[in-house]
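Each number in my numbering comes from the position in the sequence shown (counting from 1) with 3 added on. Here a beta-carbon is modelled for each residue, glycine too, at the ideal position from N, C-alpha and C. Please read the structure below before turning to the comments.
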Amino acid sequence: MAAVAAPPRALQPNSTLPAKVQPIPPNQTLYVTNLPSSKVQKADLRAALYLLFSTYGPVLDVVALKTMSMRGQAHIVYRDVQTATQAMRSLEGQSFLGRDLKIQYAKSKSNFVAKLDGTFKMPSGSGAAVVEQTELQQSIFNAPPPGTAAASGSGLPAKPSASVDHVMQDADSPADRGQKRTRDSEDESDDDVAMEEDSDDE
4 MAAVAAPPRA
14 LQPNSTLPAK
24 VQPIPPNQTL
34 YVTNLPSSKV
44 QKADLRAALY
54 LLFSTYGPVL
64 DVVALKTMSM
74 RGQAHIVYRD
84 VQTATQAMRS
94 LEGQSFLGRD
104 LKIQYAKSKS
114 NFVAKLDGTF
124 KMPSGSGAAV
134 VEQTELQQSI
144 FNAPPPGTAA
154 ASGSGLPAKP
164 SASVDHVMQD
174 ADSPADRGQK
184 RTRDSEDESD
194 DDVAMEEDSD
204 DE
């Protein structure tokens, strides 16, 4: 009798599934949802999340924003994937500030981790608003630095040439010395005038 090989029991990743159904690979950043957003201050929420999640290992960063798009959500960054996995398995469905936590791996690497391992890239300009420069702004910001050949021909005074310092010499003859001014006769006549004083009697 020939034995029929049974298919393996482990689930194989299915490449025919759409991207939303594909499982997210393990990551050291956890994405936490279903957090209370209206009653708790952001600093208190971050501190409470840190205290809860740090019992499973060292937490590098807690990102909890109060913007409309991120309300009720947070990202918890661990040092390694094993610690993040342990925390996710233990805390999934746990009651936190009156609500049950929903935890999954984050879809991408945290900026904090990317900075640590040297793979951080600044966000591209596609997300930022494109600002057009006027002609005046372009002429100011694209002008050559001062002291270059292009700057000296633009009507600016020429840069003084480097000259050699000379040692000062004393004026020996009276002709080389300056002449002292004499006092005017009006200044001498003002010396005899008495000064008026204000009295405090009034």
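query, result
"Residue nearest to Val35 in terms of C-alpha spacing, selected from Val66, Asp201, Gln85, Lys124", "Val66"
"Coarse secondary structure for Lys124, derived from DSSP in three states", "coil"
"Host beta strand (DSSP E) of Val66 (start-end)", "62-66"
"Ile27, buried or exposed, once every other Cβ within 10 Å from all chains shown has been counted against 16", "exposed"
"Rounded separation between Gln182 and Pro148 - CA only", "46 Å"
"Best match in Val116, Ala50, Val167 for proximity to Asn30 [C-alpha to C-alpha]", "Val116"
"Residues sharing a beta bridge with Thr32, DSSP", "Val80"
"Opening and closing residue of the beta strand (DSSP E) in which Lys105 lies", "105-108"
"Rounded straight-line distance, which links the Cα of Val84 to that of Met91", "10 Å"
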